[in-house]
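First up is the structure itself, then whatever we jot down about it.
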Amino acid sequence: MSRVAQRRTPQSLSADRASRPSKRAANSEAARQAAIKATLDGVRAREDLRARRANDPVDFVHAYERRADRELVALVAANLAFGNVKAIRMKVADLLRRVGPSPAKAADDEAALHAALEGWKHRVFKGEDVARLLVGARRVQREDGSLGAAFARALREADRTAPSEHEGLREALAAFCDRIRIAGGLPLPGESKPTDRRGPVNLLSNARAGGGAKRLLLFLRWMVRPSDGIDLGLWPVPPRRLLMPVDVHIHTLSRNLGFTRRPDVSWKTAVEITAALARYDADDPTRYDFSLCHMGMLQRCPSRKDAVRCEGCGVKSVCIRWRGEGAGPASPPPPSKRKRTA
7 MSRVAQRRTP QSLSADRASR PSKRAANSEA ARQAAIKATL DGVRAREDLR
57 ARRANDPVDF VHAYERRADR ELVALVAANL AFGNVKAIRM KVADLLRRVG
107 PSPAKAADDE AALHAALEGW KHRVFKGEDV ARLLVGARRV QREDGSLGAA
157 FARALREADR TAPSEHEGLR EALAAFCDRI RIAGGLPLPG ESKPTDRRGP
207 VNLLSNARAG GGAKRLLLFL RWMVRPSDGI DLGLWPVPPR RLLMPVDVHI
257 HTLSRNLGFT RRPDVSWKTA VEITAALARY DADDPTRYDF SLCHMGMLQR
307 CPSRKDAVRC EGCGVKSVCI RWRGEGAGPA SPPPPSKRKR TA
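If you want the numbering used here, it's the 1-based position in the sequence shown plus 6.
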C-alpha cells in the first residue's frame, strides 16, 4: 500500500472522532445492563424464598394438594391481596377455615357455601361476594376441566384478533373473568349502579379498563411460572406471556432502576416494566417479581435518595438515585404522582 493510500483524510479523521462518543455510550449502556442483570440475579439468589413465602398470600395455595383446590384458593387469595399483609393473611385464613378442607367440594354446594361465609368481610368485600366468585370459578372448572384450560382457551381466542401479545393477554383475562362472573352471579363491569356496593364488581379487576390489574396478574404468575417453591407452574401458558404485577413497591423500584418513567401503575406501565425485565430473561421476565417486591416491602424503597433507608439495599449499586456513587449512568425519571389502580 502506498504512503498516499495510508494517509488519513480530514474527513475520515473527523468521522472517526464523531463515532467515539457513541461507542463509549454503547459500551457504558452495555456495562450498565450487565450490572443490572447481575444485581437482579443476586437479589433473587440471596432471597430465602420459602421463608418469605410464609409472609405472602401464595403460601395458602401450597397448603392444598388437589389442582382444583389450588386454583380456587389462588384466585381468592390473589384477588384479596391488597392492603396490609398481616390483615390479608388473617382474613384469607379465616375465610378458608370457614370453607373447609376442599374449596372445590364446598363450591359445589352453593347454599352451604353462602351460609359458611355469612358475616365474613374484608374491606369492601363480603362473604357473599367471595362465595359467588368460588361458585362461578368452580362451574368453569367443571365445564373445561380446570381454570387453566379455560384461560388457555381464552388466550388462544384473544390472540386471533389482538394487535399484540400484551393486548391478547389483556382480552383473555377480561373474557376469563367475565365468564366466572356470569357463572357465579357477579355483575359484569358497567352493570352496577353508583348506589350499589363496590365489592361485587371490584372483586375481579376489569382488565379492559386500562388499570394495572395487579391482582389478576399476580394470580397468573402463581399459576403459570415454573414451580420454584413460590409459583406453582400449573397452567399451560408460556411464562414469557406474563406481565409484572405492579404494586407500589415494584413501581418505585422500577422507576429507581430506570425500567419506567411512567408515574402510574397502569397496564401500560406493567408492559413497560416487563419489557425492561425481558432484557435479562426474555423467557421468564416475571421471575424477579417475588424477590424484588419483598425487598421493596422490607426496605421501604423511597422515591428519592435516602441514606438511612437505602443502607443495605440489594439494588443500590445500580439505582439511578445513587448514580455517581457506584450506580450506573441513567437519567432520573420525573417526580412520581402515583395513581393507584386495582
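All C-beta atoms, glycine included, are put in the ideal place defined by N, C-alpha and C.
Whole-Å CB distance - residue i paired with residue j, under 8 Å assumed
i    : j    : result
D289 : P245 : 6 Å
P109 : L140 : 6 Å
G218 : S272 : 6 Å
L119 : A137 : 5 Å
A87  : L224 : 6 Å
R144 : A113 : 4 Å
Chain-order list of residues whose beta-carbon lies under 8 Å from that of residue i (same chain, five-residue window excluded)
i    : result
G48  : G320
W328 : K311, C316 and K322
V130 : R203, R204, G205 and N208
L55  : D234, G235, I236, F296 and S297
V277 : H172 and L249
A156 : V146, Q147, E149, D150, F182 and R185
R59  : D65, H68, G235 and I236
E197 : V207
S337 : Residue confidence is low: S337 scores 39 on pLDDT, short of 50, so the model does not pin down where it sits. No coordinate-derived value is stated.
G191 : R138, V141 and G142
K43  : R285 and Y286
Inter-residue spacing [alpha-carbon to alpha-carbon] between residue i and residue j
i    : j    : result
I256 : G106 : 34 Å
R187 : L194 : 6 Å
V243 : A99  : 29 Å
A281 : K274 : 11 Å
V146 : A189 : 7 Å
A213 : A51  : 32 Å
A117 : E134 : 10 Å
A74  : A158 : 16 Å
P340 : E77  : Reliability fails at P340, whose pLDDT of 44 lies under 50, so the model's placement of it is uncertain and the value that follows must be treated cautiously. Roughly 40 Å between the two C-alpha positions.
L226 : Q39  : 27 Å
P169 : P308 : 36 Å
Y294 : L263 : 13 Å
L102 : V82  : 10 Å
V230 : R221 : 14 Å
R162 : T292 : 21 Å
L123 : G89  : 21 Å
Y286 : V91  : 29 Å
K111 : S152 : 14 Å
A3   : A121 : This structure gives no information on residue 3, because the portion of the chain shown stretches from 7 to 348.
R267 : R261 : 6 Å
Q305 : A160 : 38 Å
R104 : G154 : 25 Å
K53  : L46  : Checking the sequence, you will find Glu at residue 53 rather than Lys. Near 11 Å, if we compare the C-alpha coordinates of L46 and E53.
P200 : W126 : 23 Å
A11  : G318 : With a pLDDT of 48 at A11, under the threshold of 50, the modelled position of this residue cannot be trusted, and the question is left open.
A180 : T167 : 14 Å
Y70  : A313 : 43 Å
N61  : A178 : 30 Å
Close-in-space but distant-in-sequence residues of the same chain around residue i (CB under 6 Å, 5 per side omitted)
i    : result
D165 : G174
G302 : H255 and L259
F265 : I279 and A282
R176 : A213
D253 : K220
H300 : R58
W241 : G154, M229 and V230
D115 : none
Own chain residues within Cβ distance below 7 Å of residue i, not counting five before or after
i    : result
W228 : V64, V67, A80, A84, D237 and L238
S233 : G239
H128 : L86 and K97
R95  : P63
R247 : E171 and L175
Simplified DSSP assignment, three categories, for residue i
i    : result
G217 : strand
H255 : helix
H172 : helix
F265 : coil
H120 : helix
R247 : helix
R329 : strand
S198 : coil
S272 : strand
E53  : coil
G334 : Reliability of the predicted coordinates at G334 is poor, the pLDDT of 39 falling under 50, and the value obtained from them is presented with this limitation in mind. G334: coil per DSSP, three-state reduction.
V321 : coil
P63  : coil
A236 : The amino acid at residue 236 is misidentified as Ala; the sequence shows Ile. Coil.
R159 : helix
E192 : Looking at the sequence provided, one finds Leu at residue 192 rather than Glu. L192: coil per DSSP, three-state reduction.
P206 : helix
R231 : coil
Neighbour flag for residue i against chain C, beta carbons, 7 Å
i    : result
R129 : The chain labelled as chain C is not found in the depicted structure, where only one protein chain is given.
Could I get the ranges of all uninterrupted alpha helix (DSSP H) runs contained in the segment 277–316, with 4 residues as the minimum, in chain order?
For the segment 277–316, whole alpha helix (DSSP H) runs of length 4 or above, ordered along the chain, are 295–305.
What alpha helix (DSSP H) runs, 4 residues minimum, are completely inside the segment 67–144?
The qualifying runs are 73–85, 91–105, 109–113 and 116–122.
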